[in-house]
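Going by the working numbering, the first residue of the sequence shown is number 51, and it counts up by one from there. Only one structure is covered here, and it is reproduced in the block below.
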Amino acid sequence: MNATTPGIEIHTGSQRLPFSEGLLASSFMTAGVLPGEAFAAARRVHERLTAQARPLVATRTLRDLACAVLSEIDEQHARRYRRWQRVDNLQAPLIVLLGGVTGVGKSTIATQLAVRLRMTRVISTDTVREVLRAAVPQDLLPALHTSSFHVVPSPCPTPEEPAEALITSFREQVQAVSVGARAVIARAVEERTSIIVEGSHVVPGHLAHWARQFPQTLLLPVVLTVSDADTHRNHFLRRGRETGSRVGERYLREFDNIRLIQAWLCDQAVDHGVTVIEVTESESVLQDIVAHIADTASATAPAKG
51 MNATTPGIEI HTGSQRLPFS EGLLASSFMT AGVLPGEAFA AARRVHERLT AQARPLVATR
111 TLRDLACAVL SEIDEQHARR YRRWQRVDNL QAPLIVLLGG VTGVGKSTIA TQLAVRLRMT
171 RVISTDTVRE VLRAAVPQDL LPALHTSSFH VVPSPCPTPE EPAEALITSF REQVQAVSVG
231 ARAVIARAVE ERTSIIVEGS HVVPGHLAHW ARQFPQTLLL PVVLTVSDAD THRNHFLRRG
291 RETGSRVGER YLREFDNIRL IQAWLCDQAV DHGVTVIEVT ESESVLQDIV AHIADTASAT
351 APAKG
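Set out below in structure tokens:
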């Protein structure tokens with residue numbers, strides 16, 4: 051079927067645009083509807099518009115019809131779609147923050163999420179860290195120049211347990227990288243652009259002041275986790291096979307530290323009321339994240355309006 055439908059135009063403000071099943075399905079998916087259901091619902095809307103023989107349809111009329119069709123599939127879909135439309139009307143930048151240790155699938159999920167939410171920018175905190183490393187000498191900020199999962203030797207050692215020393219080093223790096231990440235978000239807010247920021251440096255305990263600093267945005271944090279150690283380990287083995295590199299082996303050598311960081315991140319999420327989502331091989335994982343973001347954004351939106 052054609053992407054747009056000649057003969058049916060949508061009147062939005064001063065513009066007239068051809069009706070598009072694809073665009074309507076995309077808006078359904080943004081609200082958390084599965085792709086198959088989204089395209090089926092968009093096709094049903096198209097069929098009803100065609101049956102009504104109305105060449106010009108107001109945006110409000112289209113949305114009402116879309117909600118009616120979604121209600122026939124699942125009332126929750128319709129409710130979430132209505133709320134998401136209110137979020138769109140606010141025109142506030144949406145800043146999605148995906149935290150989680152290496153190997154849980156953040157980068158892949160962030161890319162898929164950007165497509166689903168119709169975003170064009172995904173920023174990795176690893177990239178921010180590399181930029182900062184080029185600008186800040188190692189002797190000035192050692193924590194920035196080491197692995198996220200190594201303990202940085204302290205000039206004033208304290209009798210910490212190994213796990214505590216690891217968390218202390220990691221927090222030092224998070225604090226440094228957060229400076230760059232905040233600058234990225236500030237630029238996005240200035241440009242009124244929605245973005246996804248993903249990385250292990252997205253730590254719930256460091257996000258509260260971000261929300262206060264950017265009150266005009268919808269700041270939506272999520273922590274991704276893989277609870278099963280064997281599954282997590284297999285992610286690194288598969289990465290090595292797929293890329294032909296030995297990077298997976300390096301992460302496996304640090305595996306125990308990575309798991310300690312993950313446990314701490316999850317504790318931070320619970321302490322600060324941030325949702326933790328289990329990453330599995332199921333196709334529903336992305337759907338769960340989209341649904342959570344849609345629900346959280348729509349619930350937060352009235353306070354921003």
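Positions of the beta carbon are idealized from the N, C-alpha and C atoms, including for glycine.
Here S174 is bridged, per DSSP, to E248. In the assembly as shown, E331 is an exposed residue. Its beta-carbon has fewer than 16 other beta-carbons within 10 Å. Distance from the CA atom of K156 to the CA atom of H251, rounded to whole angstroms, is 12 Å. In the assembly as shown, L106 is an exposed residue. Its beta-carbon has fewer than 16 other beta-carbons within 10 Å. The alpha-carbon separation between T346 and A81 amounts to approximately 11 Å.
Proximity to R113 across G150, L73 and I145 peaks at L73, based on C-alpha coordinates.
In this structure, the straight-line span from the alpha carbon of V95 to that of F89 is close to 10 Å. Its Cα nearest to that of T325, the residue V272 stands out among R98, V272 and V340. Per the C-alpha coordinates, the member of V247, T218, F305 and G86 positioned closest to T152 is F305. For A142, no beta strand (DSSP E) run applies, since DSSP gives it neither H nor E. Note that the C-beta distance between S174 and G249 is below 7 Å. Sequence-distant partners of Q188 (beyond 5 residues in either direction) whose C-beta falls short of 7 Å from its own C-beta, in its chain, are H195. Short of 6 Å from the beta carbon of R289, and not among the five residues preceding or following it, lie these beta carbons of its own chain, in chain order: G298. Between the alpha carbons of F69 and A116 lies a gap of roughly 13 Å. Within the stretch 279-341, the runs of beta strand (DSSP E) at least 3 residues long that lie entirely inside it are, in chain order, 325-328. Residue pairing for H61: DSSP places it in a beta bridge opposite R66 and A108. At the C-beta level, V224 and V253 come within 7 Å of one another.
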